[in-house]
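**Q** If you read the sequences in order, they're chains A and B.
Everything in the first sequence is counted per the numbering used here, starting at 27 for the first residue and increasing by one.
Everything in the second sequence is counted per the numbering used here, starting at 8 for the first residue and increasing by one.
For every residue, glycine included, the Cβ atom is placed at its ideal position computed from N, Cα and C.
Just so we're clear, the structure is a prediction, and the values are computed from it rather than from any experiment.
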Amino acid sequence: MKSFGGSVLFLNRPDINTDEIIPAKYLTEIEREALKPYLFEDLNLDGFVPNRDIPGHEVIVSRANFGCGSSREHAPWALEANGIRLVIAESFARIFHQNMFNCGLLAVELPAEAIERLFKEYAHRATVAAADVARSVLAVRTDDHAEEIPFTLAEFDRALVEAGGWLEYANARY
Amino acid sequence: MGKTVAEKIFDTHVVDRPAQDVWILRLDAVFCHEITTPTAILDLMRKGRDQVFDPSKIKAVIDHVTPAKDSNTALQGKILRDWVRRHQITDFFDVGRNGVCHVLFPEQGFVRPGYAVIMGDSHTCTDGAFGAFTPGVGTTDLAVGILKGVGAFRTPRTMKITLVGRLRPGVFAKDVILSIIGRIGMNGATHRIVEFDGPVVADMNMDARMTLCNMTVEAGGTCGICYPDKITADYLWEFIRGGYPDPAAAAAAFHQWWPDPDAVYEEVVVHDVSNVEPVTTFGWKPDNVKPVRAMQGTPIDQVFIGSCTNGRLDDLRSAASVLRGRKIHPHVRAIVCPTTPKIYAQALAEGLIQIFLDAGCCVTNSTCGPCLGMSTGVLAEGEVCASTSNRNFNGRMGRGGMVHLMSPATAAASALAGHIQNSELFNG
Chain A
27 MKSFGGSVLF LNRPDINTDE IIPAKYLTEI EREALKPYLF EDLNLDGFVP NRDIPGHEVI
87 VSRANFGCGS SREHAPWALE ANGIRLVIAE SFARIFHQNM FNCGLLAVEL PAEAIERLFK
147 EYAHRATVAA ADVARSVLAV RTDDHAEEIP FTLAEFDRAL VEAGGWLEYA NARY
Chain B
8 MGKTVAEKIF DTHVVDRPAQ DVWILRLDAV FCHEITTPTA ILDLMRKGRD QVFDPSKIKA
68 VIDHVTPAKD SNTALQGKIL RDWVRRHQIT DFFDVGRNGV CHVLFPEQGF VRPGYAVIMG
128 DSHTCTDGAF GAFTPGVGTT DLAVGILKGV GAFRTPRTMK ITLVGRLRPG VFAKDVILSI
188 IGRIGMNGAT HRIVEFDGPV VADMNMDARM TLCNMTVEAG GTCGICYPDK ITADYLWEFI
248 RGGYPDPAAA AAAFHQWWPD PDAVYEEVVV HDVSNVEPVT TFGWKPDNVK PVRAMQGTPI
308 DQVFIGSCTN GRLDDLRSAA SVLRGRKIHP HVRAIVCPTT PKIYAQALAE GLIQIFLDAG
368 CCVTNSTCGP CLGMSTGVLA EGEVCASTSN RNFNGRMGRG GMVHLMSPAT AAASALAGHI
428 QNSELFNG
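(1) Going along chain B in order, which residues have a C-beta closer than 7 angstroms to the C-beta of Asp-79 (chain A)?
(2) So, is Thr-162 (chain B) buried or exposed, given that buried needs 16 or more other C-beta atoms within 10 angstroms?
(3) Show which residues of chain B have a CB atom less than 7 angstroms away from the CB atom of Tyr-64 (chain A).
(4) By the 10 Å Cβ neighbour count, where 16 or more other Cβ atoms means buried, how is Ser-63 (chain B) classified, buried or exposed?
(5) Alpha carbons only, please: which of B:Thr-73, B:Met-193, B:Thr-239, B:Ala-196 is nearest the one belonging to Gly-138 (chain B)?
(6) Among the residues of its own chain, which have a CB less than 6 angstroms from the CB of Trp-192 (chain A), if the five just before and after it don't count?
(7) Could you tell me the alpha carbon to alpha carbon distance between Val-110 (chain B) and Ala-255 (chain B), rounded to whole angstroms?
(8) Would a check of beta-carbon distances place Asp-72 (chain A) closer than 8 angstroms to chain B?
(9) Hey, is Ile-7 (chain B)'s beta-carbon within less than 8 angstroms of any beta-carbon in chain A?
(10) Any chance the region 45-59 of chain A sits against the region 369-387 of chain B, with 3 or more Cβ pairs inside 8 angstroms?
(11) According to DSSP, His-278 (chain B) sits in a beta bridge with which residue or residues?
(12) On the DSSP bridge assignment, give the partners of Arg-340 (chain B) in chain order.
(13) Looking only at its own chain, which residues have a Cβ that is under 6 angstroms from the Cβ of Val-85 (chain A), when we skip the five neighbours before and after it?
(14) Can a CB atom of chain A be found closer than 8 angstroms to the CB of Met-409 (chain B)?
(15) If we cut at 8 angstroms on Cβ distances, does Ser-96 (chain A) have a partner in chain B?
(16) Start and end of the beta strand (DSSP E) containing Trp-30 (chain B)?
(17) Hey, does Ala-67 (chain B) have any beta-carbon neighbour from chain A nearer than 8 angstroms?
(18) Rounding to the nearest angstrom, what Cα-Cα distance links Val-171 (chain B) and Pro-206 (chain B) in this structure?
(19) Here's the rule I'm using: 16 or more other beta-carbon atoms within 10 Å means buried, otherwise exposed. How should Arg-24 (chain B) be labelled?
(20) For the region 162-183 of chain A, which residues have a CB atom closer than 8 angstroms to at least one CB atom of chain B, in sequence order?
(21) At 4 residues or longer, and completely inside the region 121-175 of chain B: list those alpha helix (DSSP H) runs for me, N to C.
(22) So, with DSSP's three-state summary, where would you put Lys-51 (chain A)?
(23) Would Cys-230 (chain B) pass as a contact of Phe-140 (chain B) if the rule is Cβ separation under 8 angstroms?
(24) When you check each C-beta in the region 49-60 of chain A against every C-beta of chain B, which residues fall closer than 7 angstroms?
(25) Given Lys-297 (chain B), which residues of its chain have a CB within under 6 angstroms of its CB, disregarding the five upstream and five downstream residues?
(26) What's the gap between the Cα of Asn-397 (chain B) and the Cα of Pro-293 (chain B)?
(27) May I ask you to list, following chain order, the residues of the region 394-405 of chain B that have a beta carbon less than 7 angstroms from some beta carbon of chain A?
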């Protein structure tokens, strides 16, 4: 199983689509690592500068319907190529959500109020978050504050994360 | 308790239930294109599992960038070609015989009522127009589909959208689906299958039903579904004639893939199309929908008529009826893309291609290219496109470009006017 934690990048907008996560013109790359420089190149978010804002972050916190649009698994690949293996959001589009777990990555849904509170209390300061999959708990901390937030993980999603992805799971079972 | 269409398909395809809410389904077909499949092929090769579950059930096409535009896309094509030859996959559509997957594969009779089909492409939802369960998936799901012939899906949740009323002249399936997305929102059908029913759908031909189902993913939907009937049977007749005495008998047999009268839906939306007028999008989200008249006069640089949403014969006829005998605006370039060679040939035979050429349009080979800014029609920063495609996301057709989604008739009228324009002006 992969590890899920690190410095948090807050993306304060709903409906961040997979074209924004990785534009289609880069889908001509067949190796995942080649996607690294292009993550969020077209993200429509005021003040966001990919080269400046992405490095050093391993966790994303965002709003509703994260990963909507195209089915491209290049979206989670581009995230992982940049060291981001955990996305926390109010909700996810179906295919993106499935792709994350299929890659052995973690997409954690939290209620709107919990997401709102994360933005309010943490978005303006350096924050670290880590997911403990076994306990279904997110540990969130800053220099002077720490808390634990429980989350729910579907049984099958947990099995995929533990197996390292859907291909590994299916290969062993079907 | 009665069952929805998806519940019936799940019941007949289930091979395992690894968790209470998860169904492993046997797949009737796995569709592949050159953008999302090569990585799946390489992953399988790296794991020493370069195998396919059944070559006769795998269909492959090169459609996103065709012919190849550079070394990367040439390599993607080569990986796919080498793979189909290695595994004797005979339903492979290479340059010259290729078309946009969600138009080509139904046209080839590969989608049938009651099927479960996956493809590594979100607009696979289009194929549900045949009464099938056809979710788009990512590359790993595709790899498992190729290797094992199965896919994992959540217990289906279905919403029903009942279309009633009468379509006004100049209003098409594209306006209907955009008006629905505008109403329910781009998250309005997430994790749900959308059944389209009602008299308006019953009257629609397969081209229009595919347009409707194509954009269900723009509301977050898993796939659209239309009930398979005589229109479906007529469309598929050349492929199914061995199995039934006539199309009416086929339609009667298809009835098993209709929902039960007491099927349970999460939500039922009744949408009166009598009130729908020609619409277009503004901004970066497909649920930002406005009447064309409210956007009229917005200057445009490019028009794109094509894509898996609106590049079928009916769409080309609709655009040609507006363009016939007229010239497009001198400041506009219009790209017309018939989405399969068969559609291209039919458009040629009907004189539609001549109408496009006379009007000053560029008619391209069948490709997905312009819709997602991959080839043959990329926008420059600050440029605006009136497009019959399905996504107006930021940068979708080229970095810094703006896309307004609309019907082929409205796109054609806009090409003539040089700005967003209702097609009424050009009728007759």
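**A** Quick look at the numbers:
(1) Neighbours of Asp-79 (chain A) in chain B, taken as residues whose beta carbon is under 7 angstroms from its own, are absent, since the nearest beta carbon is some 17 angstroms off.
(2) By the 10 Å Cβ count, Thr-162 (chain B) comes out exposed.
(3) Within chain B, no C-beta atom comes nearer than 7 angstroms to that of Tyr-64 (chain A); the closest sits roughly 11 angstroms away.
(4) Its Cβ having fewer than 16 others within 10 Å, Ser-63 (chain B) is exposed.
(5) Nearest option by C-alpha distance: B:Thr-239.
(6) Here the set comprises Asn-128, Leu-186.
(7) Going from the Cα of Val-110 (chain B) to the Cα of Ala-255 (chain B) covers about 24 angstroms.
(8) False, the Cβ-Cβ gap to chain B never drops below 8 angstroms.
(9) Because chain B here runs from 8 to 435, residue 7 (chain B) falls outside it and cannot be looked at.
(10) Because the criterion of three Cβ pairs below 8 angstroms is met, the region 45-59 of chain A and the region 369-387 of chain B touch.
(11) DSSP, once it has assigned bridges, lists B:Leu-170 as partnering His-278 (chain B).
(12) Paired residues: B:Gln-309.
(13) Scanning its chain for C-beta atoms nearer than 6 angstroms, with the 5 sequence neighbours on each side dropped, one finds around Val-85 (chain A) the residues Gly-32, Val-34, Leu-112, Ala-155, in chain order.
(14) By the rule that beta-carbons nearer than 8 angstroms mark a contact, Met-409 (chain B) does not touch chain A.
(15) So yes, Ser-96 (chain A) belongs to the interface.
(16) Per DSSP, Trp-30 (chain B) belongs to the beta strand (DSSP E) from 29-33.
(17) Output row for Ala-67 (chain B): interface = no.
(18) Counting only the Cα atoms, Pro-206 (chain B) lies some 6 angstroms from Val-171 (chain B).
(19) By the neighbour-count rule (16 or more Cβ atoms within 10 Å), Arg-24 (chain B) is not buried but exposed.
(20) Hits within the stretch, in order: Ala-180, Glu-181, Phe-182.
(21) Here the runs fully enclosed are 146-155.
(22) When secondary structure is reduced to three states using DSSP, Lys-51 (chain A) falls in the helix class.
(23) Result yes, Cβ atoms of Cys-230 (chain B) and Phe-140 (chain B) sit closer than 8 angstroms.
(24) Cβ proximity to chain B below 7 angstroms picks out Pro-49, Ala-50, Lys-51, Leu-53, Thr-54, Glu-55, Ile-56 from the region 49-60 of chain A.
(25) Excluding sequence positions up to five before and after Lys-297 (chain B), its CB lies within less than 6 angstroms of the CB of Phe-289, all in the same chain and listed in chain order.
(26) Approximately 8 angstroms, taken between the alpha carbons.
(27) Of all residues in the region 394-405 of chain B, the ones placed with a Cβ closer than 7 angstroms to any Cβ belonging to chain A are Arg-398, Phe-400, Asn-401, Gly-402, Arg-403, in chain order.
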